[in-house]
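Heads up, my numbering is the position in the sequence shown plus 42, with the first residue counted as 1.
Ideal Cβ positions, reconstructed from N, Cα and C, are used throughout, including at glycine.
Just so we're clear, the structure is a prediction, and the values are computed from it rather than from any experiment.
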Amino acid sequence: MKKMMLKTTLGLAVTLASTQIFASGFALNEQSISGMGTGFAGRSSSADDASTVFGNPAGMSRLKREQVTGGFAVIDASTDINDASGTRSGTNDGDMVPFTGVPMGYYVKPIDDQWAFGLGVYAPFGLITDYENSFQGRNFGSKSEVKVVTFQPTISYAFNDKVSIGFGPTINRISGSLESALTTPFSPNDGNVEIKGDDIGYGYNIGLLVQATDTTRVGLTYHSKVKYKLEGHTEVNPGAGTPGFLLSGDRYDASLDITTPESVDFSVTQEINDAWTVYAGSTWTRWSRLKDITVNNDVTGGGALNPALFGTITEEQNWHDTWAYAIGTSYQLNKQWVLRTGLTFDQSPANNTDRSPRIPTGDRTIFSLGAGWSPTEDLTIDVAYSYLKEEKVSINRRNALGQAYNAEYENSANGFGVGATYRF
Numbered sequence: 043m044k045k046m047m048l049k050t051t052l053g054l055a056v057t058l059a060s061t062q063i064f065a066s067g068f069a070l071n072e073q074s075i076s077g078m079g080t081g082f083a084g085r086s087s088s089a090d091d092a093s094t095v096f097g098n099p100a101g102m103s104r105l106k107r108e109q110v111t112g113g114f115a116v117i118d119a120s121t122d123i124n125d126a127s128g129t130r131s132g133t134n135d136g137d138m139v140p141f142t143g144v145p146m147g148y149y150v151k152p153i154d155d156q157w158a159f160g161l162g163v164y165a166p167f168g169l170i171t172d173y174e175n176s177f178q179g180r181n182f183g184s185k186s187e188v189k190v191v192t193f194q195p196t197i198s199y200a201f202n203d204k205v206s207i208g209f210g211p212t213i214n215r216i217s218g219s220l221e222s223a224l225t226t227p228f229s230p231n232d233g234n235v236e237i238k239g240d241d242i243g244y245g246y247n248i249g250l251l252v253q254a255t256d257t258t259r260v261g262l263t264y265h266s267k268v269k270y271k272l273e274g275h276t277e278v279n280p281g282a283g284t285p286g287f288l289l290s291g292d293r294y295d296a297s298l299d300i301t302t303p304e305s306v307d308f309s310v311t312q313e314i315n316d317a318w319t320v321y322a323g324s325t326w327t328r329w330s331r332l333k334d335i336t337v338n339n340d341v342t343g344g345g346a347l348n349p350a351l352f353g354t355i356t357e358e359q360n361w362h363d364t365w366a367y368a369i370g371t372s373y374q375l376n377k378q379w380v381l382r383t384g385l386t387f388d389q390s391p392a393n394n395t396d397r398s399p400r401i402p403t404g405d406r407t408i409f410s411l412g413a414g415w416s417p418t419e420d421l422t423i424d425v426a427y428s429y430l431k432e433e434k435v436s437i438n439r440r441n442a443l444g445q446a447y448n449a450e451y452e453n454s455a456n457g458f459g460v461g462a463t464y465r466f
């Protein structure tokens with residue numbers, strides 16, 4: 043019974059994993075629309091606008107005018123679920139990701155020839171998945187939502203016209219919710235379990251930018267881990283007909299410790315001539331921090347089975363570290379227009395044994411296009427489009443009651459972004 047509940051409901055951090063975004067695990071890449079156009083190649087070395095507050099804080103030293111950059115990306119994802127089977131009947135529509143938006147905003151002010159100050163608000167992690175009510179694998183997850191919003195004040199210092207550094211502490215708020223169907227031997231009717239929690243955690247970003255030659259720029263950025271202790275509640279609604287003295291519906295205090303991983307981004311920007319620029323980069327993310335999920339519930343006052351089912355529950359994840367690689371280019375068509383394109387390869391942190399309907403993620407390839415239009419020297423409008431395609435992955439889940447769900451998932455997504463930079 044404990045394993046049955048473990049596999050059906052109570053891993054809040056499992057809500058932090060999805061394929062329906064443009065970075066591995068539960069990370070989001072959408073912190074820059076100009077960067078989105080090149081597939082985020084050169085993220086640590088380009089410093090094209092105020093979004094460098096996230097990409098590389100040291101890049102603020104290259105911005106000679108006070109400026110504001112804002113943007114909004116939307117993600118339209120779809121999943122093909124094939125060869126599904128299981129002990130429960132149900133549907134496999136695959137339409138579980140609603141049209142999702144990701145906003146961002148940045149401000150940079152040069153103080154003098156050496157110092158600059160910046161602010162950033164963005165979403166480094168997040169997802170939402172919402173299966174149909176009749177989903178065949180609903181005992182292994184039906185709805186998940188998580189949001190991480192980060193506020194980052196930042197400073198940079200230029201030692202000279204070749205080398206600069208930057209640093210920014212981050213204040214991060216995480217909130218999440220999870221729902222799953224609850225089916226026990228005591229009732230043929232589905233019940234429901236929902237968990238909600240939130241917390242604030244602190245971290246930092248630090249960057250180094252080097253103008254190695256007149257045409258070559260190298261950047262290195264470190265995004266720190268952030269520790270959270272989510273506090274919230276678990277709400278249990280047993281299926282109709284379940285004896286209350288065995289499993290009572292109730293609301294319990296819940297807590298969960300989780301750490302979002304650190305990452306290191308290295309990139310190179312190479313100017314070929316006055317028109318062409320080439321970007322290349324790689325990102326390492328320490329997803330191996332996510333070994334397991336443990337939720338602790340205060341089940342005082344519940345039914346006889348509640349302590350066994352809802353007390354302390356652990357679910358194995360066993361994620362591994364990942365690498366992402368990107369290459370991109372831009373072409374300065376004229377004074378007003380710049381065109382961009384990029385190609386990204388991104389590893390999945392999930393393994394074949396522990397993959398579930400909540401985390402049906404595989405290695406992905408992303409193709410990107412973008413453009414920037416500057417009608418005046420003060421204003422630039424950026425647009426971008428990305429297409430993501432994942433490898434096919436298999437889901438094979440079974441719990442202690444013999445409930446099972448098996449299927450083949452193939453995920454894809456379209457991303458659209460629009461942003462603007464205004465210089466004062």
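Beta-bridge pairing of residue i - partner residues as DSSP gives them
{"i": "residue 440", "result": "446"}
{"i": "residue 140", "result": "Beta-bridge pairing links residue 140 to no other residue."}
{"i": "residue 115", "result": "144 and 459"}
{"i": "residue 341", "result": "In the DSSP output, where bridge partners are listed per residue, residue 341 has none listed."}
{"i": "residue 424", "result": "414 and 461"}
{"i": "residue 361", "result": "Answer by DSSP bridge pairing: none, since residue 361 is not bridged."}
{"i": "residue 323", "result": "309 and 368"}
{"i": "residue 84", "result": "For residue 84, which the question treats as bridged, DSSP gives no partner whatsoever."}
{"i": "residue 239", "result": "218 and 274"}
{"i": "residue 316", "result": "Answer by DSSP bridge pairing: none, since residue 316 is not bridged."}
{"i": "residue 452", "result": "122"}
{"i": "residue 247", "result": "210 and 265"}
Among the options, nearest to residue i - alpha-carbon criterion
{"i": "residue 174", "options": "390, 92, 290 and 186", "result": "186"}
{"i": "residue 154", "options": "108, 453 and 267", "result": "108"}
{"i": "residue 399", "options": "220, 381 and 88", "result": "220"}
{"i": "residue 209", "options": "189, 73, 162 and 271", "result": "162"}
{"i": "residue 428", "options": "456, 136, 90 and 137", "result": "456"}
{"i": "residue 317", "options": "309, 379, 305 and 268", "result": "379"}
{"i": "residue 79", "options": "332, 329 and 370", "result": "370"}
{"i": "residue 310", "options": "302, 325, 304 and 300", "result": "325"}
{"i": "residue 367", "options": "247, 385, 261 and 339", "result": "385"}
{"i": "residue 255", "options": "391, 408, 393 and 313", "result": "313"}
{"i": "residue 212", "options": "206, 203 and 194", "result": "194"}
{"i": "residue 339", "options": "365, 292 and 320", "result": "292"}
{"i": "residue 372", "options": "437, 414, 301 and 116", "result": "414"}
{"i": "residue 448", "options": "238, 97 and 131", "result": "131"}
{"i": "residue 360", "options": "388, 393 and 336", "result": "393"}
Run of the beta strand (DSSP E) containing residue i, from where it starts to where it stops
{"i": "residue 193", "result": "185-200"}
{"i": "residue 159", "result": "157-172"}
{"i": "residue 228", "result": "It is not in any beta strand (DSSP E) - residue 228 carries neither H nor E in the DSSP assignment."}
{"i": "residue 259", "result": "258-265"}
Boundaries (first-last residue) of the alpha helix (DSSP H) holding residue i
{"i": "residue 384", "result": "First-last for residue 384: 379-388, but that is the beta strand (DSSP E), not the alpha helix (DSSP H)."}
{"i": "residue 79", "result": "75-79"}
Assumed close pair residue i, residue j - CB separation to whole angstroms, cut-off 8 Å
{"i": "residue 261", "j": "residue 101", "result": "7 Å"}
{"i": "residue 240", "j": "residue 217", "result": "4 Å"}
{"i": "residue 178", "j": "residue 128", "result": "5 Å"}
{"i": "residue 214", "j": "residue 268", "result": "5 Å"}
{"i": "residue 160", "j": "residue 252", "result": "Incorrect: roughly 19 Å between the Cβ atoms, too far for contact."}
{"i": "residue 75", "j": "residue 115", "result": "7 Å"}
Which runs of the beta strand (DSSP E) spanning at least 3 residues fall entirely within the segment 275-305, listed in chain order?
-> With a minimum length of 3 residues, the unbroken runs of beta strand (DSSP E) contained wholly in the segment 275-305 fall at 292-302.
Please go through the segment 88-134 and give each complete beta strand (DSSP E) segment of 3 or more residues, from N-terminal end onward.
-> Counting only unbroken stretches of 3 or more residues, the beta strand (DSSP E) elements lying wholly within the segment 88-134 are 109-128, in sequence order.
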